[in-house]
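Participant: Have a look at this one.
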Amino acid sequence: MTTEKQVAAGRPVASPEPEAAPSESIAKRFTLTMAERGPVLPVGVKTPSGDLARDLSARPWKTKDERALGKLKKPNMSMAGYVATVIGYMYSRLGAHEWSPETPMPERLVVINQMYMGDVFYAYMWLRREVIGNELHMNVECPSCKKGFRFEGDLGSTHVQCVHDLSGLAQTYTLKDPIDVRKKKVTVFQMRPPRWGALALKEGESLNEATAKIASIRSSIVGLNDDPNEITLTDDELDELSKKDLEGISALLNTDYLGPRMVVEGECPRCEAPFKQMIDWSYGGFFTSSSV
Ligand SMILES: [Zn+2]
Numbered sequence: 052m053t054t055e056k057q058v059a060a061g062r063p064v065a066s067p068e069p070e071a072a073p074s075e076s077i078a079k080r081f082t083l084t085m086a087e088r089g090p091v092l093p094v095g096v097k098t099p100s101g102d103l104a105r106d107l108s109a110r111p112w113k114t115k116d117e118r119a120l121g122k123l124k125k126p127n128m129s130m131a132g133y134v135a136t137v138i139g140y141m142y143s144r145l146g147a148h149e150w151s152p153e154t155p156m157p158e159r160l161v162v163i164n165q166m167y168m169g170d171v172f173y174a175y176m177w178l179r180r181e182v183i184g185n186e187l188h189m190n191v192e193c194p195s196c197k198k199g200f201r202f203e204g205d206l207g208s209t210h211v212q213c214v215h216d217l218s219g220l221a222q223t224y225t226l227k228d229p230i231d232v233r234k235k236k237v238t239v240f241q242m243r244p245p246r247w248g249a250l251a252l253k254e255g256e257s258l259n260e261a262t263a264k265i266a267s268i269r270s271s272i273v274g275l276n277d278d279p280n281e282i283t284l285t286d287d288e289l290d291e292l293s294k295k296d297l298e299g300i301s302a303l304l305n306t307d308y309l310g311p312r313m314v315v316e317g318e319c320p321r322c323e324a325p326f327k328q329m330i331d332w333s334y335g336g337f338f339t340s341s342s343v
């Protein structure tokens with residue numbers, strides 16, 4: 052098992068170590084820092100020949116783009132919808148997808164929603180790094196002494212989990228509490244990395260950690276037992292999962308997460324207690340000078 056424990060201040064790391072047994076897929080995945088990975092998607096977009104195309108290329112971000120992006124931001128837009136819009140607007144190439152300036156935005160959004168979540172987060176963080184730089188200042192409240200302080204994270208040192216090829220995408224999860232789905236006893240879920248569209252489904256719905264977790268889990272479950280037919284669980288079916296399995300799947304997605312870790316870890320400057328904080332990737336916190 053290749054767990055990583057090089058925890059330096061400000062270095063985003065895996066959040067809680069799960070109890071899940073190491074799966075075969077771990078060997079098919081590897082971790083680099085964002086600085087090492089460069090403008091290359093962690094997973095990529097499948098080409099007709101079955102390869103994964105991964106190159107990224109963005110336009111320079113100018114003042115006029117700032118204005119145009121401001122206009123594209125609709126009051127009711129979900130954060131995930133806005134991230135897709137920023138990426139659709141600024142990138143000219145995302146893996147196998149190459150866009151001319153005339154490619155309409157709705158067409159781009161359809162494509163982005165079908166991309167893996169880890170790839171879209173990566174493209175978004177890479178863009179931030181290109182446009183503003185590596186340093187990400189965040190306001191942290193110490194979980195122990197409650198002191199508030201400013202913390203400087205380094206986006207270049209963000210860990211990114213990648214796959215060599217398509218074989219690195221498949222996973223299985225064995226349920227601790229089997230459930231009945233569509234008149235079948237289900238003991239194993241076939242899993243794939245979640246798609247961005249899972250987060251963007253409901254306009255106006257606020258995306259918090261709980262809704263994002265459940266949406267990611269639902270998008271990750273693609274098959275039941277060893278049945279080769281792809282399925283998507285309904286909300287009602289997902290509701291039948293035991294808390295144990297919900298947390299088990301969540302832990303699996305957390306260890307074997309593809310793309311950048313969205314968590315920064317460090318120590319409180321006053322009491323030295325360790326803290327973990329999600330990177331605030333909302334536009335206000337991420338793409339403006341207040342975060343530099
Ligand atoms: Zn403290």
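Note that the working numbering numbers the sequence shown so that position 266 is 317, with each residue one more than the last.
Using N, Cα and C, we set each Cβ at its ideal position, and we do this for glycine too.
Is the number of C-beta pairs between the segment 318-327 and the segment 180-195 that are closer than 8 Å three or more?
Facilitator: Yes, they touch.
Participant: Where Lys125 and Asp277 are concerned, what is the direct C-alpha to C-alpha distance, given to the nearest angstrom?
Facilitator: About 43 Å.
Participant: With hydrogens ignored, establish whether the beta-carbon of Arg159 is closer than 8 Å to any heavy atom of ligand 1.
Facilitator: Arg159: no, Cβ never under 8 Å from ligand 1.
Participant: Quick check: what's the CA-CA separation for Leu303 versus Gly121?
Facilitator: Those two C-alpha atoms are separated by around 37 Å.
Participant: Spatial neighbours of Thr223 within its chain, please: CB distance less than 8 Å, with the 5 preceding and 5 following residues excluded, ordered by chain position.
Facilitator: Excluding sequence neighbours, Thr223 sits near Ser74, Val239, Phe240, Gln241 and Met242.
Participant: Per DSSP, what kind of secondary structure is Gln328 in: helix, strand or coil?
Facilitator: Reduced to three states, the DSSP call for Gln328 is strand.
Participant: Using 8 Å as the threshold, is the segment 280-299 in touch with the segment 134-151, meaning 3 or more CB pairs across them?
Facilitator: Judged by Cβ distances under 8 Å, the segment 280-299 makes no contact with the segment 134-151, as fewer than three pairs qualify.
Participant: Could you tell me the distance, in whole angstroms, from the CA atom of His210 to the CA atom of Pro152?
Facilitator: Cα to Cα, the separation comes out at about 32 Å.
Participant: Could you pull the start and end residues of the beta strand (DSSP E) that Asp216 belongs to?
Facilitator: Segment: none, Asp216 is in no beta strand (DSSP E) and carries neither H nor E.
Participant: Based on Cα-Cα distance, which residue from Cys319, Glu316 and Asp307 lies nearest to Val94?
Facilitator: The candidate whose alpha carbon is nearest that of Val94 is Asp307.
Participant: Taking Arg269 as the reference, which of Ile330, Gly101 and Met168 has the closest Cα?
Facilitator: For Arg269, the nearest C-alpha among the options comes from Met168.
Participant: Cβ of Ser270 versus every heavy atom of ligand 1: is any distance shorter than 8 Å?
Facilitator: Checking the Cβ of Ser270 against ligand 1 gives no.
Participant: Classify Ser333: buried if its beta carbon has 16 or more other beta carbons within 10 angstroms, exposed otherwise.
Facilitator: It is exposed - the Cβ of Ser333 has fewer than 16 other Cβ atoms within 10 Å.
Participant: Taking 9 Å as the cut-off, decide whether the C-beta atoms of Ser293 and Asp216 are in contact.
Facilitator: No. Outside cutoff.
Participant: Under DSSP, the alpha helix (DSSP H) around Arg246 begins and ends at which residues?
Facilitator: Segment: none, Arg246 is in no alpha helix (DSSP H) and carries neither H nor E.
Participant: Assuming Ala119 and Ser143 form a contact by the criterion Cβ under 8 Å, report the distance between their Cβ atoms to the nearest whole angstrom.
Facilitator: Their Cβ separation, rounded to whole angstroms, is 15 Å, which puts Ala119 and Ser143 out of contact at 8 Å.
Participant: Put Leu83 into one of helix, strand or coil per three-state DSSP.
Facilitator: Leu83 falls in the strand class under three-state DSSP.
Participant: Return yes when the C-beta of Lys213 is under 8 Å from any heavy atom of ligand 1, and no when it is not.
Facilitator: Lys is not the amino acid found at residue 213; the sequence shown has Cys there. Cys213 Cβ: outside cutoff for every heavy atom of ligand 1.
Participant: Going by beta-carbon coordinates alone, are Met166 and Thr136 separated by less than 9 Å?
Facilitator: Against a cut-off of 9 Å, the Cβ pair of Thr136 and Met166 comes out as no contact.
Participant: Between which two residues does the alpha helix (DSSP H) containing Glu117 stretch?
Facilitator: Note, Glu117: alpha helix (DSSP H), Thr114 to Leu123.
Participant: Kindly list the residues whose CB is nearer than 7 Å to the CB of Pro320, restricted to its own chain and excluding five residues on each side of it in sequence; keep chain order.
Facilitator: Around Pro320: Phe200.
Participant: Please report how far the alpha carbon of Trp177 lies from the alpha carbon of Gly89, in whole angstroms.
Facilitator: Cα to Cα, the separation comes out at about 8 Å.
Participant: How would you call Glu117, buried or exposed, if buried means at least 16 neighbouring beta carbons within 10 angstroms?
Facilitator: Glu117 comes out exposed.
Participant: Measuring straight from C-alpha to C-alpha, what distance separates Phe337 and Arg179?
Facilitator: Roughly 7 Å between the two C-alpha positions.
Participant: Can you tell me where the alpha helix (DSSP H) with Asn280 in it begins and where it stops?
Facilitator: First-last for Asn280: undefined, no H or E at that position.
Participant: Helix, strand or coil, according to DSSP, for Asn127 in the structure here?
Facilitator: Coil, per DSSP.
Participant: Regarding Glu323 and ligand 1, is the C-beta to nearest heavy atom distance less than 8 Å?
Facilitator: Correct: Glu323 has its Cβ closer than 8 Å to ligand 1.
Participant: Assuming Gly103 contacts Val96 under a Cβ cut-off of 8 Å, what Cβ separation, rounded to an integer in Å, is found between them?
Facilitator: Strictly speaking, residue 103 in this sequence is Leu, with Gly absent from that position. Contact holds; Cβ gap of about 7 Å.
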